[in-house]
Amino acid sequence: MHIFDELDHQLISLLREDGRAPYSKIATVLGISRATVQTRIDRLLESGAVLGFTLRVRQDYDDRAIRAIMMIEVSGRNTTKVIKYLRGLPELYQLHTTNGGWDLVAEIRANSLSDFDRILREVRDVEGVSNSETSILLSTV
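Heads up, the sequence shown is in the numbering used here, so the first residue is 494 and it goes up one at a time.
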């Protein structure tokens, strides 16, 4: 497991704001060398602490996308198995463990209602999933 120091936290924060920022710009902001930025990012990627870089699109940009939050209850000791399966579903944009009445919270993105319906059925059919509740996200305010 990677142990973050303050520089790692600052670097990750900058990358969250702009994952395409040039290493020279990051180095200037953090007051370190470009080589140190490169080494730190390489180490974060190799350790698995940083999974990669992704494009973020304004949420209202693609009005065809159906977004929803799905709360998932897992029976028994099946959580690890369920997580492994769900992480393989491309429509599950994010997956979180949580406390309270639900075990997992998933953000779902689908291109159509039929795709949305299919992914709901697929998640509910996973062995170990005992219950779920889904809310479609209508707009971001």
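All C-beta atoms in this analysis are idealised placements derived from N, C-alpha and C, irrespective of residue type, glycine included.
Sort the options by Cα distance to residue i and report the nearest one.
i: residue 625; options: 562, 581 and 516; result: 562
i: residue 629; options: 611, 601 and 622; result: 601
i: residue 568; options: 631, 612, 538 and 595; result: 595
i: residue 617; options: 546, 597, 580 and 565; result: 565
i: residue 497; options: 528, 538 and 606; result: 538
Pick helix, strand or coil for residue i, following the three-state DSSP scheme.
i: residue 634; result: coil
i: residue 520; result: helix
i: residue 539; result: helix
i: residue 627; result: strand
Give me, in chain order, the residues of the same chain whose beta-carbon lies closer than 8 angstroms to that of residue i; leave out the 5 immediate sequence neighbours on both sides.
i: residue 558; result: 602, 603 and 604
Which one or two residues does DSSP pair with residue i in a beta bridge?
i: residue 575; result: Answer is none; residue 575 lacks a bridge partner.
i: residue 598; result: 564 and 589
Name the two residues that bound the continuous beta strand (DSSP E) containing residue i.
i: residue 567; result: 559-567
Could you pull the start and end residues of the alpha helix (DSSP H) that residue i belongs to?
i: residue 608; result: 606-617
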